[in-house]
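What follows is one structure encoded as structure tokens, with my remarks underneath.
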Amino acid sequence: MAQPSVILATASYDHTIRFWEAKSGRCYRTIQYPDSQVNRLEITPDKRFLAAAGNSHIRLFDVNSNSPQPVISYDSHTSNVMAVGFHCDGNWMYSGSEDGTVRIWDLRTATCQREYESRAAVNTVVLHPNQKELISGDQNGNIRVWDLAANSCSCELVPEVDTAIRSLTVMWDGSMVVAANNRGTCYVWRLLKGTQTITSFEPLHKLQAHDGYILKCLLSPEFCDPNRYLATASSDHTVKIWNVDGFKLEKTLVVTSAGFGTAFSQ
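Under full-length UniProt numbering, residues 1 to 266 are what the sequence shown spells out, in order.
Here it is in structure tokens:
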């Protein structure tokens with residue numbers, strides 16, 4: 001089966017994963033996922049595999065196969081897996097779970113190579129563009145930077161006490177990080193330049209983006225430059241596009257249900 005130029009995959013609490021033709025809107029493949037709901041999907045950098053994060057596990061599916069069975073399964077978490085992503089070269093995978101841990105996995109052997117304790121349910125994890133640090137956000141409102149070289153937490157901050165961090169996003173060049181929380185607020189920090197690692201965040205902006213809690217925030221990728229945008233999706237049934245220059249609202253999209261995710265199309 002030839003790989004489509006655009007891979008569009010969706011997942012739901014209906015226990016299915018679906019692949020779609022982006023232009024026609026036709027569903028061309030459905031994978032039944034009986035083990036649990038699917039919390040998150042992520043495609044590997046080489047676009048060969050799709051990771052599905054569920055309740056206490058991650059399954060890896062072949063994008064170009066018609067087989068309904070996963071290629072491999074990652075099973076060390078003990079609760080819902082809420083975040084999943086990959087090293088830029090596809091050498092390893094990271095995950096975050098409501099069991100309070102951030103983990104790094106060997107893709108080929110499905111073994112957990114590292115485990116970091118967050119002491120609260122982890123809702124979101126992102127990999128810094130330097131590929132050397134993970135940034136996590138948890139249910140208690142903590143943001144932590146995990147230095148992979150030092151194998152420890154190098155920075156910790158709490159924008160609002162006891163206000164869950166729902167989503168994190170880092171600018172493609174590592175210059176900025178945004179955290180979105182349960183109160184509809186986005187906190188923006190400038191990351192210090194001229195350093196190889198993140199040691200501190202410089203407060204840049206506080207944006208009251210939504211009336212409801214934010215489920216996803218996403219900074220635009222490199223191909224959007226010189227224009228830079230922030231997309232936010234909320235339980236208030238809106239998706240908003242903000243210009244990072246001054247954080248002016250550019251557009252509001254009204255959706256029929258809570259916005260669980262956002263993506264920029266190249």
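Ideal Cβ positions, reconstructed from N, Cα and C, are used throughout, including at glycine.
Quiz item: Ordered along the chain, which non-local residues of its own chain (more than five positions away) have a Cβ less than 7 Å from that of residue 39?
Solution: Taking C-beta separations shorter than 7 Å and ignoring five residues to either side along the sequence, the partners of residue 39 in its chain run 53, 54, 80, 81, 82, following chain order.
Quiz item: In the DSSP assignment, what residue or residues form a beta bridge with residue 205?
Solution: For residue 205, which the question treats as bridged, DSSP gives the partners 188.
Self-check item: Same chain, Cβ closer than 8 Å to residue 153, neighbours up to 5 away in sequence not counted
Solution: 116, 144, 145, 146, 147
Exercise. With a 10 Å radius around its C-beta and 16 neighbouring C-beta atoms as the bar for buried, classify residue 159 as buried or exposed.
Key: buried
Quiz item: Bridge partners of residue 116, per DSSP?
Solution: 102
Exercise. Let me know the alpha helix (DSSP H) ranges lying completely inside the segment 46-102, each 4 residues or longer, listed in chain order.
Key: With a minimum length of 4 residues, no continuous alpha helix (DSSP H) run stays inside the segment 46-102.
Quiz prompt | Residues near residue 32 by beta carbon distance below 7 Å, same chain, minus five either side | solution = 15, 16, 68
Practice problem: Go through its chain and collect everything with a Cβ distance to residue 121's Cβ below 7 Å, but skip five positions before and after it. | Solution: Within the same chain, residue 121 has close Cβ partners 98, 100, 138, 139.
Quiz prompt | Contact set for residue 106: own chain, Cβ-Cβ below 7 Å, skip 5 residues either direction | solution = 92, 113
Practice problem: Just mark residue 42 as buried or exposed, buried being the case when its beta carbon has 16 or more other beta carbons within 10 Å. | Solution: buried
Quiz item: How would you write the range of the beta strand (DSSP E) that residue 9 sits in, first residue to last?
Solution: 8-11
Exercise. Report the option in 59, 216, 133, 23 whose CA atom is closest to the CA atom of residue 239.
Key: Closest option to residue 239, Cα to Cα, is 216.
Practice problem: On a CA-only basis, which of 149, 224, 179, 73 is nearest residue 170? Give me that one, please. | Solution: 179
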